[in-house]
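Colleague: Below are the structure tokens for one structure; questions will follow.
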Amino acid sequence: MQSQFDELAALYEDMALWPFRKDIEIPNVLALVGDIRGLSVLDFGCGTGMYSRLFKERGAKRVVGYDVADGMIKYAKEQEEKNPVGIEFISELTPTLENIFDLVVGVYVLPYAATHEELYTMCSTMAGLVKSGGRLITLPIHPEYDPNPKYYEPYGFRLISDNPYTEGGKIQLELCYSNYDVKVTAYYWSSSILKAALIEAGFSSVEQIELFTSSTGDLNKACSTLKNYIKKPHASILECKKEKI
């Protein structure tokens, strides 16, 4: 399936090393993921498979990476072929995957739902993969992100919107780190709309968790370099739980 991300695989792989991801986002996600030894994990919107590989390194028994972007999934499969660790990369979800995963992780997928219907469909699809008692961890655009286009420029990107904080309003994401100059379209959804869609999709609880600074590496350097980002992060984390039946 073609998508606006088909040609961005190399960029997305490189983005894992950008300071705001390396020192804040990734450690936060992994801390919330916790001990996954022996568990089954699906990486929803896996991109190049970076998180999928991290989950496998941390002892997940089964890891499935799913993405609809042909370019992304091709890149992820190539990495698995070069260094096989037992990750399955797929571009279609089949009924055999329903209600079997202990954990589903969807990093930056909700912002690409353009309508309420698409948002609910995405939430419902992710919920349908999670087993009873399981969890979804997903990162939307922070409901209170800074609308100043230049605010996030020091961290490698700009968020540009003609009507900030409008439900379903377009946000142009411009990636401007190093020699990159790439634009993709995302959409804004408030905390209340996101939570309502996730509850309707089948989760019994949805908790918004704020990003905090890394507990790894040079914390003082991270705090100094990313001081303003920490004040107004562009993303938050939602932890969604399915009631155990």
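By UniProt numbering, the letter at position 241 of the sequence shown is numbered 241, and the numbering carries on one by one without gaps.
No residue lacks a Cβ here, since even glycine has one placed at the ideal position from N, Cα and C.
(1) Would you give the residue range spanned by the alpha helix (DSSP H) that K231 belongs to?
(2) Going by beta carbon distance, what residues of the same chain come within less than 7 angstroms of P111, once the five residues before and after it are set aside?
(3) Smallest Cα separation from S132: which of A10, G156, N28, I245?
(4) Keeping to the same chain, check which residues put their C-beta closer than 7 angstroms to that of N163; ignore five residues upstream and five downstream.
(5) Taking the Cβ atom as the reference point for each residue, do E80 and I73 lie within a distance shorter than 8 angstroms?
(6) Output the distance between the C-alpha atoms of L219 and I24, rounded to the nearest integer angstrom.
(7) Going by DSSP, what residues sit across from Y75 in a beta bridge?
(8) Exposed or buried, D106, counting other C-beta atoms within 10 Å across all chains shown (16 or more means buried)?
(9) Tell me the DSSP bridge mates of F89?
(10) Flag this pair as touching only if the region 96–105 and the region 169–179 have three or more C-beta atom pairs under 8 angstroms; answer yes or no.
(11) When DSSP builds the beta bridges, which residues end up paired with Y187?
(12) How should A9 be labelled, buried or exposed, when 16 other C-beta atoms within 10 angstroms of its C-beta is the threshold for buried?
(13) What is the DSSP secondary structure of F55, reduced to helix, strand or coil?
(14) CB-CB under 8 angstroms to G38, same chain, minus the five flanking residues each way: which ones, in chain order?
(15) So what does DSSP say about R135, is it helix, strand or coil?
(16) Answer with buried or exposed for T216, where buried requires no fewer than 16 other C-beta atoms within 10 angstroms of its C-beta.
Modeller: The relevant details are as follows:
(1) Here residue 231 corresponds to residue number 231 of the sequence shown, with the count starting at 1. In the DSSP assignment, K231 falls within the alpha helix (DSSP H) that extends over 227–231.
(2) Here residue 111 is taken as the residue at index 111 of the sequence shown, counted from 1. Take P111, set aside five residues on each side of it, and the residues of its chain with a beta-carbon closer than 7 angstroms to its own are P140, I141, A186, Y187, in chain order.
(3) Taking the sequence shown and counting its residues from 1, one reaches residue 132 at position 132. Of all alpha-carbon atoms in A10, G156, N28, I245, the one lying nearest the alpha-carbon of S132 is that of I245.
(4) Your numbering for residue 163 matches position 163 in the sequence shown. Around N163: G169.
(5) The residue given as residue 80 occupies position 80 in the sequence shown. The residue given as residue 73 occupies position 73 in the sequence shown. Annotated as distal: E80 and I73, with beta-carbon spacing of 8 angstroms or more.
(6) Here residue 219 refers to the residue found at position 219 when the sequence shown is read from its first residue. Here residue 24 refers to the residue found at position 24 when the sequence shown is read from its first residue. Summary for L219: the model assigns pLDDT 49, below 50, so the residue's position carries little reliability, and this model does not support an answer.
(7) Taking the first residue of the sequence shown as 1, we reach residue 75 at position 75. Per DSSP, none; premise fails for Y75.
(8) Position 106 of the sequence shown, counting from 1, holds the residue named residue 106. Contrary to the premise, residue 106 reads as Gly rather than Asp in this sequence. Note on G106: 16 or more other CB atoms within 10 angstroms of its CB, so buried under the neighbour-count rule.
(9) In the sequence shown, residue 89 corresponds to position 89, counting from 1. Residue pairing for F89: DSSP places it in a beta bridge opposite G65.
(10) No contact exists between the region 96–105 and the region 169–179.
(11) Residue mapping note: residue 187 aligns to position 187 of the sequence shown, counting from 1. Its beta-bridge partners are K170.
(12) Residue mapping note: residue 9 aligns to position 9 of the sequence shown, counting from 1. Classification for A9: buried.
(13) Locating residue 55 in the sequence shown gives position 55, where the first residue counts as 1. Note: F55 maps to helix in three-state DSSP.
(14) Translated into the one-based positions of the sequence shown, residue 38 becomes position 38. Cβ neighbours of G38 beyond the five flanking positions: G59, A60, K61.
(15) Working through the sequence shown from its first residue, we reach residue 135 at position 135. In the structure shown, R135 sits in a strand (DSSP, three-state: E or B).
(16) As a position in the sequence shown, residue 216 is number 216, starting the count at 1. Here the model assigns T216 a pLDDT of 48, short of 50, so the residue's position is not dependable and the matter cannot be decided.
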